[in-house]
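For reference, each letter of the sequence shown is one residue, going -22 to -1, 1 to 254 in mature numbering (1 follows the signal peptide of the UniProt record, and there is no 0).
All residues carry an ideal CB built from backbone N, CA and C; glycine is no exception.
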Amino acid sequence: MCFNFKRNAVLFLLILSFSISSCSKKVKDVGVASYWKSAYLKISSNDSLHYVSVPSDSAVASLVMIHGSPGDFTVFESYLKDSLLARKFEMYAVDRPAFGKSKFQDKQTLLEQSEVINKLVEEDFVKAPVVVMGHSYGGGVAAYLMALDNEKVKAAVLLAPTLAPDLQKKKYYNYIAKGLSPVIGKTWRSSNREMWTLAEELKMVGDSLKNITGKVYWLHGTKDWLVPYETIDFAQSMVSDSVIDVVTIDKGSHFIPWKNENEVRELIFRALDELD
């Protein structure tokens, strides 16, 4: 029976991995440099944040993109290659700590990750004003980055962000993944480790959401089983009604960056058009 459980658990994780990775395919190294530049921002003697950038001579703002869990900067491949976005934005996409090519010695909490990415935003070469965009766990990071009161950050586009502690409790597959930690690979271990503590972290830092004053554009599907649609209710209880503008995707899933690209692009340009 123990063997059957392990076999079924491995099968489940493989299926889950395929369903997510199929939406976030890796980019071949050939030709990548023609779209973006790869660089590292040194955070400390042991830690470095990897990011890619797309320069633009015509940009009037910067767009900083933050992926979910698991993931890396290639989640936003189609946006980085978008010529219309490149006319208006200098674009940056990060590998969050513990993912992709970023190098961090210790686990970073959600709030610590927002502080790390804020250091990139503060760099002189990142053109103001800045719009931050995050999906899922990366949406939570983007929201708390907004709460840090960086004067350069004027708006956020949040795609099904993880913010409500009561709705981000550990799921059954987190327990399966923890038991299989030695065999599931670094990326999935990192993902499960941050999900294991997410609810507790959100409880500790929730009040800081009240510091958000910039505009938040929120896109969420009603059939999202990973980050429930009701997360919106929590966010609206924490910030002013004038701050959050919600766009609902009827029967939409969690995989917004890939399945709802048109809606995402519309919100990005809307955020730019409505900047003060």
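Are the Cβ atoms of residue i and residue j separated by less than 7 Å?
i, j, result
"Leu136", "Trp196", "yes"
"Ala125", "Ala134", "no"
"Ser40", "Lys105", "yes"
"Gly118", "Leu88", "yes"
"Val217", "Leu187", "yes"
"Val110", "Leu123", "yes"
"Asn128", "Val94", "no"
"Ala177", "Lys147", "yes"
"Pro48", "Ser169", "yes"
Report all residues from its chain with a CB closer than 7 Å to the CB of residue i; omit the five preceding and five following residues, and keep chain order.
i, result
"Asp25", "Lys81, Phe82, Gln83"
"Thr226", "His198, Thr200"
"Glu239", "Ser56"
"Gln214", "Ile222"
"Gln91", "Arg74, Pro75, Val119"
"Glu244", "none"
"Leu250", "Ala39, Lys66, Val109"
"Lys164", "none"
Of all the options the options, which has the alpha carbon lying nearest to the alpha carbon of residue i?
i, options, result
"His143", "Gly157, His198, Met182", "The question names His, but residue 143 is Pro in the sequence shown. Of the candidates Gly157, His198, Met182, the one whose C-alpha sits nearest the C-alpha of Pro143 is Met182."
"Thr140", "His113, Val53, Leu123", "His113"
"Glu252", "Asn240, Val194, Asp228, Lys229", "Val194"
"Tyr57", "Trp14, Ala76, Asp73, Ile95", "Trp14"
"Asp228", "Ser220, Ile222, Glu241, Asn170", "Glu241"
"Ile246", "Arg167, Asp185, Ala177, Ala64", "Ala64"
"Thr175", "Lys85, Pro160, Asp102", "Lys85"
"Pro16", "Ser61, Asp50, Ser36, Met173", "Sequence inspection shows Ser at residue 16; the Pro mentioned does not correspond to that position. Out of Ser61, Asp50, Ser36, Met173, Asp50 has the C-alpha closest to the C-alpha of Ser16."
"Ala37", "Ser61, Ser23, Thr52", "Ser61"
"Glu101", "Pro160, Glu179, Tyr18", "Tyr18"
"Gly192", "Ser220, Met173, Gly184", "Ser220"
Return the Cβ separation of residue i and residue j in integer angstroms, given the expectation that the two are a contact with Cβ distance under 8 Å.
i, j, result
"Ala21", "Lys97", "In the sequence on display, residue 21 carries Ile and not Ala. Their Cβ separation, rounded to whole angstroms, is 6 Å, which keeps Ile21 and Lys97 in contact under 8 Å."
Please go through the same chain and pick out, in chain order, the residues whose beta-carbon is closer than 8 Å to the beta-carbon of residue i, but skip the five residues on each side of it.
i, result
"Leu145", "Val205, Pro206, Glu208, Thr209, Phe212"
"Ala138", "His113, Ser114, Gly117, Leu197, His198, Gly199, Asp202, Leu204, Val205, Thr209, His232, Ile234"
"Leu(-10)", "With a pLDDT of only 49 at Leu(-10), under the threshold of 50, the placement of this residue in the model should not be trusted, and no figure is reported."
"Gly230", "His198, Gly199, Thr200, Lys201, Asp202, Lys237, Asn238"
"Val5", "At Val5 the pLDDT is 37, less than 50, meaning the model places this residue with poor confidence; the figure from the coordinates comes in the next sentence. If we look at Val5 and ignore the five residues flanking it on each side, its Cβ neighbours are Thr52, Glu55."
"Arg171", "Ala76, Lys85"
Residues in the same chain with beta-carbon distance under 6 Å from residue i, minus the five sequence neighbours each way, listed in chain order, please.
i, result
"Lys79", "His28, Asp73"
"Phe54", "Met43, Ala71"
"Ser(-1)", "Because Ser(-1) carries a pLDDT of 38, less than 50, the predicted location of this residue cannot be relied on, and no value is offered for it."
"Lys59", "Tyr13"
"Arg248", "none"
"Glu179", "Thr87, Leu88"
"Val10", "Confidence is the limiting factor: at Val10 the pLDDT is only 38, short of 50, which leaves the residue's position unreliable, though a coordinate-based value still follows. Excluding sequence neighbours, Val10 sits near nothing in its chain."
Report whether the distance from the Cβ of residue i to the nearest heavy atom of the ligand MG is below 6 Å.
i, result
"Val217", "The ligand content of the structure shown is nil, which means the ligand MG is not present either."
**OP:** Decide yes or no for the touch test of the segment 68 to 76 against the segment 30 to 40: beta carbon pairs closer than 8 Å, at least 3 of them.
**Re:** yes
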